[in-house]
Structures are given as structure tokens and as C-alpha cells.
Amino acid sequence: MVTIEEALNIVQQQEVALQTVHKPLMDAMGYALADEVKAPFDMPAFDNSAMDGYALCGIFQEYNIVGEVAAGDTISIALKAGEAVRIFTGARVPESASAVMMQEKIKVEGNILLLEELPKMGQNIRKKGGELKEGQRVFEAGHVLNPRSMGLLGSLGLEQVLVFAKPTINLITTGNELVQPGQPKSEGQIYESNSFALTGAMRQFGFECQQTKQVADDFEATKRSIGEALQTCDVLLLSGGISVGDYDFVKQALEENGVEELFYKVFQKPGKPLFFGRKASQFMFALPGNPASSLTCFYVYVLPMLQKLSGYSKLGLPSYHFPMKHAYESRFDRPSFLKAGIVDGLVEILDGQGSSMIQSMALGNALAFVEAGGKRTAGDLVECKLIS
Ligand code: AMP
Ligand code: MG
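Residue 234 in this note's numbering sits at position 233 of the sequence shown, with consecutive numbering throughout.
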């Protein structure tokens, strides 16, 4: 048995070999950059107008209008003092322009432009290099592309990016009692739900489950299925069959497939019977079958491993301290990841903390960490991992 901290360290300290791949920018969302990115040119690349209005040469109250520049025009007009051009947002500002006056603050009489107020030097001109200078580092390797970084890379003209590949993931669910949704079930059977929760959690964080298989509580079938699944994946997840019951065959079946145990059992609630193993460059997590346990173990341990295998520089769920809405006293003898809801900045520990209960998790948005027997009064801070 290891502590939560030890288990997380073991996950985080695994040596991994990362593969790189060129991705079209449009498909690169959620991938980590394999190399730093530097600005290939100044941003903006030319002085341009922040407004629809008039570009002015010199500071006066009145100007002669001598032309027009629209966004995308490549012409360059040389303005003389006292001259102005009609200009539009994003259009290149003539080099000699002193300012742009917004069109709401002017009057035009024939070719004469009259200003309501004197312009200020540089006003409404977005300067070349004002955001980034050519050669300046934009992102470090390991930065995970989000919609904003995608936009920025697009504006830097990159159509492809070098990123780290993501791991291929297979899932095996075990249990004689499991019936797939949509099928009739008899007394004593339950619907298999962990594959939906785990596949959903993978997708939520940008990972795909390549293949899901269900096996009976049978040692040979489990061993064979693990062997087959390991032919085609980097990470194998298993659900159920990893506890100490007479029908729990997963640990032995993993061992007989040459899997080295990195840890088995974590001093935590839920999710004590969690197994983490490795075979050469492949990783295996055997998650406890109880729905809240398997999903909690995914969020806390599997996710950082998947991210590490994807070259992410930051691992795991975002975690923050929030004040408690109510007093809470843990009746658990192990440190716990409690199903919690953060509403208006306050944490509520939800009813339904059992390992088999998932409704509270479905309605909540966080896992609140409380040490064994821990007490909190209203307003005390509690560490929360954000799950949505
Ligand atoms: P196990 O870890 O196999 O002992 O299973 C613990 C509990 O989780 C039992 O009540 C199982 O019926 C339930 N369980 C196991 N696997 C699943 C699954 N894939 N979907 C829903 N419940 C499951
Ligand atoms: Mg079972």
C-alpha cells in the first residue's frame, strides 16, 4: 500500500519516450508543442488602424482628405502635413501618419475633414511589433494548444505544428454481472457503465479510447484479453477485478502478461485497490470496479500519466483552494477525494459519498481533498480538483 503522494510521484516520475508528429494547425488542439515557437515576424507586421476613421499627418483641427486605405490594401500613400486619408480597421497606416481619428468624432465638408477634438500623437495606431517582436519566444515546448494559442499560431502564419503524439488507449471492463445498456438484464445483473464514464473522461481531456472490451470473471479469458489488448496500445485501462475477491483475476493476469507492478493499493477513499504497472514502454492501470472509484482514480492518476505521455508540461487536474460552505467532518479513516460542488466560490460536500455512487459526482464539479478524520468549519479552505 502506498500513500496518495507516493502513488502520484511514481506516476509522475516514469521515464517515457515521446514521439513527435507534424499536425495541421486545425487538428492540433489539445496537443503539446514538441518544440518552442518563436515569432517569425513582428506582430502586428505593419502599423495599422485600430478604428474606422481618418489617418492624419500632423496635429491639426482640419485636414485635406487625399485618399483612402481599406483593410488589405497594399498601396502606401505618402501623406504631407495637414493631409488625411480615409482609413478602416486593420488597414495599413501611411508611414507619415501621426494618428487615426475615429469617424464618430469628425465632420466632412467636401474634401475638408474637421475634427471635434485635437488628435493625440499615435492615437488609434496599432504599432508594428506592438504585441510580439520577430524572434521573440511565443510558447515553450510542452505548451498545450488551447483555442487562444491556436489563434495566435494561425496569426503567425503557421499551417503545421510539431507536437507530441498522444498515447493509444485500450480499455477492458471485467465482471460477470455486467450487461451493456440496451440489452435486457436479469436480477443480479447491472448495466456496465464504467466504459462510458472513462471514455467520456478521456474525451473531456482530449484523449480517445481506441477499443473497449468486456470480459467475464475468468482468469484465462482475462489473461488472453490483456495479451491481445497490449498488442495495440500504449496504455491499458482495466476496470474491476482488481480487489481481493475470489473472482478478482486482473492482477495475476497482468503479472502473467509480464507486467511489472509499480504500485498496488493506495491509502485513499475511494479507489483503494488501484494497480499501476508497466511493461517496457506500456502502462497499465487496473481501476477498481466501483463507478466512483474508477472515475476518481482516472482523474487523479490516469489523467496525469496520459498527459505525461503526451508531453504536457503541466500534469493533472487544475487544483485550487476554495472556502467551505458548511462545516464538514470526515468519518473516513483514509484521506478522501470527496464529491463536491463549487457554487458561487463555495464548496459543498455532496450527499452520496459511497464508492458505488456516481450521481453526486455527475451533479458536482470537483473532488475535494480531506485528510482522514479531517474537520472543516464553514469558511475554511479545502483543496479542490476541478473535474468540469
Ligand atoms: P469489482 O472491483 O470488480 O469488485 O467491482 C466492484 C463493484 O463495481 C461491483 O459492485 C461491480 O458490480 C461494480 N462494477 C464493476 N465494473 C463495473 C462497470 N464496468 N460498470 C459498472 N459497475 C461496475
Ligand atoms: Mg468484479
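By construction, the Cβ of each residue, glycine as well, lies at the ideal position given by its N, Cα and C atoms.
Computed from a predicted structure; not experimentally measured.
Which listed residue (the options) has its alpha carbon closest to that of residue i
{"i": "Pro148", "options": "Pro185, Glu118, Gly31", "result": "Gly31"}
{"i": "Gly70", "options": "Ile88, Ala82, Arg335, His23", "result": "It should be noted that the sequence gives Val, not Gly, for residue 70. Val70 has its Cα closest to that of Ile88, out of Ile88, Ala82, Arg335, His23."}
{"i": "Leu382", "options": "Ile5, Lys326, Phe276, Pro25", "result": "Lys326"}
{"i": "Phe165", "options": "Leu34, Tyr55, Tyr321, Ala363", "result": "Leu34"}
{"i": "Glu221", "options": "Arg127, Tyr313, Leu255", "result": "Leu255"}
{"i": "Ala29", "options": "Leu275, Ser150, Gln283", "result": "Ser150"}
{"i": "Asn10", "options": "Gln354, Lys121, Lys309", "result": "Lys309"}
{"i": "Cys385", "options": "Pro319, Gly290, Ile227, Asp36", "result": "Pro319"}
{"i": "Lys24", "options": "Asp218, Val162, Tyr248", "result": "Val162"}
{"i": "Phe276", "options": "Leu239, Glu209, Asn65, Leu116", "result": "Leu239"}
{"i": "Glu117", "options": "Pro95, Ile78, Tyr55, Leu153", "result": "Tyr55"}
{"i": "Gly143", "options": "Phe42, Ser187, Lys167, Gly375", "result": "Lys167"}
{"i": "Ser361", "options": "Lys376, Glu372, Ile388", "result": "Ile388"}
{"i": "Gly342", "options": "Gly355, Asn366, Glu135", "result": "Asn366"}
{"i": "Thr233", "options": "Gln354, Gln283, Phe208, Lys266", "result": "Gln283"}
{"i": "Gly380", "options": "Pro324, Leu368, Asp345, Val348", "result": "Pro324"}
Inter-residue CB distance, residue i and residue j (contact presumed, cutoff 8 angstroms)
{"i": "Gly59", "j": "Ala92", "result": "That pair is no contact at about 20 angstroms."}
{"i": "Leu390", "j": "Met306", "result": "Since the displayed the chain opens at 2 and closes at 389, residue 390 lies outside it and no answer follows."}
{"i": "Lys280", "j": "Val260", "result": "5 angstroms"}
{"i": "Val3", "j": "Phe338", "result": "Wrong, their Cβ atoms sit about 15 angstroms apart, outside the cutoff."}
{"i": "Glu132", "j": "Met44", "result": "5 angstroms"}
{"i": "Gln137", "j": "Ala40", "result": "5 angstroms"}
{"i": "Glu37", "j": "Leu114", "result": "At roughly 47 angstroms, the Cβ-Cβ gap does not stay under 8 angstroms, so Glu37 and Leu114 are not in contact."}
{"i": "Ser357", "j": "Ala293", "result": "7 angstroms"}
{"i": "Val86", "j": "Ile78", "result": "6 angstroms"}
Per-residue DSSP class, three states only, for residue i
{"i": "Asn171", "result": "strand"}
{"i": "Pro120", "result": "coil"}
{"i": "Ala222", "result": "helix"}
{"i": "Phe338", "result": "strand"}
{"i": "Glu160", "result": "coil"}
{"i": "Pro324", "result": "strand"}
{"i": "Ser244", "result": "coil"}
{"i": "Gln137", "result": "coil"}
{"i": "Ala281", "result": "coil"}
{"i": "Gly68", "result": "strand"}
{"i": "Met44", "result": "strand"}
{"i": "Ile227", "result": "helix"}
{"i": "Tyr302", "result": "helix"}
{"i": "Ser50", "result": "strand"}
{"i": "Leu275", "result": "coil"}
{"i": "Ala79", "result": "coil"}
{"i": "Lys142", "result": "Reading off the sequence, residue 142 comes out as Ala, not Lys. Ala142: coil per DSSP, three-state reduction."}
{"i": "Ala293", "result": "helix"}
{"i": "Leu239", "result": "strand"}
{"i": "Leu316", "result": "coil"}
{"i": "Leu114", "result": "strand"}
{"i": "Lys128", "result": "coil"}
{"i": "Leu153", "result": "helix"}
{"i": "Lys309", "result": "helix"}
Boundaries of the alpha helix (DSSP H) in which residue i is found, first to last residue
{"i": "Ser196", "result": "195-205"}
{"i": "Ile11", "result": "5-13"}
{"i": "Met103", "result": "That residue, Met103, is in no alpha helix (DSSP H); its beta strand (DSSP E) goes 100-103."}
{"i": "Val267", "result": "Element bounds for Val267: n/a, residue is neither H nor E."}
{"i": "Val251", "result": "251-256"}
Span of the beta strand (DSSP E), counted from its first residue to its last, around residue i
{"i": "Thr21", "result": "21-25"}
{"i": "Leu368", "result": "367-371"}
{"i": "Glu384", "result": "382-387"}
{"i": "Gln215", "result": "210-216"}
{"i": "Leu347", "result": "347-350"}
{"i": "Leu390", "result": "Lying before the first or after the last residue shown, residue 390 is absent from the chain, which here runs from 2 to 389."}
{"i": "Arg332", "result": "Looking at the DSSP string, Arg332 is not in any beta strand (DSSP E), and its letter there is neither H nor E."}
{"i": "Val94", "result": "Neither: Val94 is in no beta strand (DSSP E) and is coded neither H nor E."}
{"i": "Ile60", "result": "Note, Ile60: premise wrong, no beta strand (DSSP E); not H, not E."}
{"i": "Glu84", "result": "84-88"}
Beta carbon proximity, residue i to chain D, threshold 7 angstroms
{"i": "Ser240", "result": "Of the protein chains in the structure, only one exists, and it is not chain D."}
Would the stretch 200-208 count as touching the stretch 293-310 if we require 3 or more Cβ pairs under 8 angstroms? yes
contact_flag[the stretch 208-216, the stretch 171-179] where n(CB pairs < 8 angstroms) is 3 or more: yes
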